[in-house]
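Student: Following this message is one structure expressed as structure tokens.
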Amino acid sequence: MEERLARMEQMISQLVGMVTKTNTLQLEMQSDLKATREEFASEKQKNAERHDEVVGRLKSMELDQDYIWEKAARNEREIEVLKRRMS
Numbered sequence: 000m001e002e003r004l005a006r007m008e009q010m011i012s013q014l015v016g017m018v019t020k021t022n023t024l025q026l027e028m029q030s031d032l033k034a035t036r037e038e039f040a041s042e043k044q045k046n047a048e049r050h051d052e053v054v055g056r057l058k059s060m061e062l063d064q065d066y067i068w069e070k071a072a073r074n075e076r077e078i079e080v081l082k083r084r085m086s
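In numbering that gives the first Met the number 0, the protein residues as written are 0 to 86.
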């Protein structure tokens with residue numbers, strides 16, 4: 000009987016050790032997950048900032064392109080007027 004109790008005590012001790020190890024691993028995983036979420040939020044913020052910057056640059060380039068097209072069209076008209084005057 001005593002041997003059986005000792006064996007049960009050993010099994011309970013092993014079980015407690017396994018639960019402790021599992022709890023420790025779970026805490027580590029929670030910590031890792033929290034760090035990953037923080038990194039993800041940081042990257043998300045950086046991506047939003049970069050997106051805004053790229054959109055701003057594109058809008059500026061569109062304005063520049065519109066200006067260049069208008070100027071080119073104006074120059075073409077002026078060249079055509081000069082050609083007709085010279086003829």
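Every residue gets a Cβ at the ideal spot worked out from N, C-alpha and C, and that includes glycine.
1) In angstroms with no decimal places, state the Cα-to-Cα distance between I78 and K70.
2) Grab the span of the alpha helix (DSSP H) containing M7 for me, first residue to last.
3) Express the C-alpha separation of R73 and L62 in angstroms, rounding to a whole number.
4) When you compare only the Cα positions, how much space is there between K58 and Q25?
5) Using the C-alpha atoms, what's the distance from Q44 back to I67?
Tutor: Quick answer:
1) One-based indexing of the sequence shown puts residue 78 at position 79. One-based indexing of the sequence shown puts residue 70 at position 71. Cα to Cα, I78 sits roughly 12 Å from K70.
2) What you label residue 7 is simply residue 8 of the sequence shown in a count that begins at 1. Residues E1 to M85.
3) The sequence position of residue 62 within the sequence shown is 63, counting from 1. The sequence position of residue 73 within the sequence shown is 74, counting from 1. Using only the alpha carbons, I get a separation of about 16 Å.
4) Position 59 of the sequence shown, counted from the first residue, corresponds to residue 58. Position 26 of the sequence shown, counted from the first residue, corresponds to residue 25. Each residue's alpha carbon lies about 49 Å from the other.
5) Position 68 of the sequence shown, counted from the first residue, corresponds to residue 67. Position 45 of the sequence shown, counted from the first residue, corresponds to residue 44. Roughly 35 Å separates the two Cα atoms.
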